[in-house]
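Going line by line, the protein sequences match chains A and B. Residue 7 is where the first sequence starts when you use my numbering, and the numbers rise one by one after that. Residue 7 is where the second sequence starts when you use my numbering, and the numbers rise one by one after that. Just so it is clear, CB atoms sit at the ideal spot from N, CA and C, and this is done for glycine as well. Down below is the structure, laid out as structure tokens.
Protein chains: 2
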Amino acid sequence: MRARSKQGKAIHALLTEADGPLSASEVWRALHASGVGLATIYRALKRGVEAGELCEATLPGGQTRYEPAGRVHHHHFLCSACERAFDIEGCVPGLERILPPQFAMTGHEIVLFGSCSDCRDR
Amino acid sequence: MRARSKQGKAIHALLTEADGPLSASEVWRALHASGVGLATIYRALKRGVEAGELCEATLPGGQTRYEPAGRVHHHHFLCSACERAFDIEGCVPGLERILPPQFAMTGHEIVLFGSCSDCRDR
DNA sequence: CTCGAACTGAGAAACGATTATCGATTCTCT
DNA sequence: AGAGAATCGATAATCGTTTCTCAGTTCGAG
């Protein structure tokens with residue numbers, strides 16, 4: 007196993023410190039100024055998922071978002087204005103009560119929509 | 007205003023009778039045997055949204071799904087095997103309790119994942 | 001019935017997201 | 001330092017989805 011490259015460290019650090027899952031292009035927006043190419047970002051994200059260090063967040067929207075694996079169960083807030091996703095702690099009980107019996111549930115995702123603090127005033 | 011065409015009626019009927027929101031390609035799979043072209047489906051879906059008769063379901067996945075507008079509040083089940091979406095009646099209370107105060111919530115979506123009845127045995 | 005507007009099917013084109021390719025660079029081990 | 005493998009950045013290519021174009025058809029008011 008080879009050590010993580012400088013670029014790989016930067017990508018991983020960005021995802022770890024972010025307020026929520028990031029898409030490849032969001033990572034690129036943050037890092038291309040320091041010379042990181044888009045292909046490198048896609049490669050690092052894919053490698054991260056294969057290595058079990060990252061996982062894909064299943065949110066609405068055209069692009070895959072990534073977050074560090076192994077986080078405690080949480081959900082997401084999606085800002086309709088800036089399209090950013092934010093982590094939300096906690097969950098709600100009673101989901102199995104609305105599940106019809108013919109389905110076998112393996113997971114769930116709750117997405118709250120609205121405006122984030124940066125966009126709510128404007 | 008012109009009356010709905012034969013094709014438009016078929017598309018609307020399909021969406022109304024479906025178990026959940028359908029994507030353009032799902033509609034096409036159901037109707038191309040009767041000679042309906044893919045472009046017609048995209049045009050009818052877009053027209054339906056503009057006319058307020060249809061709305062887009064905001065679910066994870068690469069394609070937009072459509073359902074008749076004006077349905078009572080409900081959520082969706084997404085089969086991981088066949089990728090079909092199904093309507094689920096009901097909702098759960100307490101979502102506002104997990105919303106951090108810096109966000110302004112305008113809506114929410116709950117997606118349950120798992121296997122539908124057709125896929126759970128295989 | 002006649003005309004023009006709206007609609008159609010087929011296929012080409014556009015689009016955004018992602019992946020593959022290239023030669024150059026960096027890393028790790030010896 | 002030197003060899004070989006992994007990674008890099010740039011860019012071309014690919015992929016699935018959606019839109020556009022065009023010539024032919026259908027609708028509906030007059």
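The stretch 100 to 112 of chain A touching the stretch 23 to 32 of chain B, judged by at least three CB pairs closer than 8 Å: Between the stretch 100 to 112 of chain A and the stretch 23 to 32 of chain B there are fewer than three inter-stretch CB-CB distances shorter than 8 Å, so the stretches are not counted as touching.
Where the stretch 41 to 56 of chain B meets chain A: residues whose CB sits under 9 Å from a CB there: none
From A:E89, A:G100, A:G67 and A:C61, residue whose alpha carbon lies closest to that of G76 (chain A): A:C61
Contact set between A110 (chain B) and chain A, taken where Cβ atoms lie within less than 7 Å: G120, S121 and R126
Residue-chain proximity (H18 (chain A), chain B), Cβ-Cβ < 8 Å: no
CB contact check: G100 (chain A) to chain B, cutoff 8 Å: yes
Short CB-CB distance (under 8 Å) between V117 (chain A) and chain B: yes
Range of the contiguous beta strand (DSSP E) that encloses S86 (chain B): That residue, S86 (chain B), is in no beta strand (DSSP E); it is neither H nor E in DSSP.
Chain B contact residues for G58 (chain A), given Cβ-Cβ distances below 8 Å: Those within 8 Å of G58 (chain A) in chain B number zero; the least Cβ separation is about 19 Å.
Member of B:E32, B:L84, B:L20 and B:A16 whose CA lies at the smallest distance from the CA of T64 (chain B): B:L84
Sub-8 Å separation of H81 (chain B) and V117 (chain B) beta-carbons: The answer is yes: Cβ separation under 8 Å.
Sufficient close CB pairs (3 or more, under 8 Å) joining the stretch 119 to 126 of chain A to the stretch 88 to 104 of chain B: no
Buried versus exposed, by CB contacts within 10 Å (16 or more), A9 (chain A): exposed
Reference E89 (chain A), options A:G14, A:Y48 and A:D124, closest by Cα: A:D124
Cβ distance (whole Å) where P74 (chain B) is taken to contact E59 (chain B) below 8 Å: 7 Å
Chain B contacts from the stretch 82 to 100 of chain A (Cβ-Cβ distance under 9 Å): So the list reads F83, L84, C85, S86, F92, I94, E95, G96, C97, V98, P99 and G100, given in the order they occur along the chain.
Contact under 8 Å by Cβ, L44 (chain A) with I17 (chain A): no
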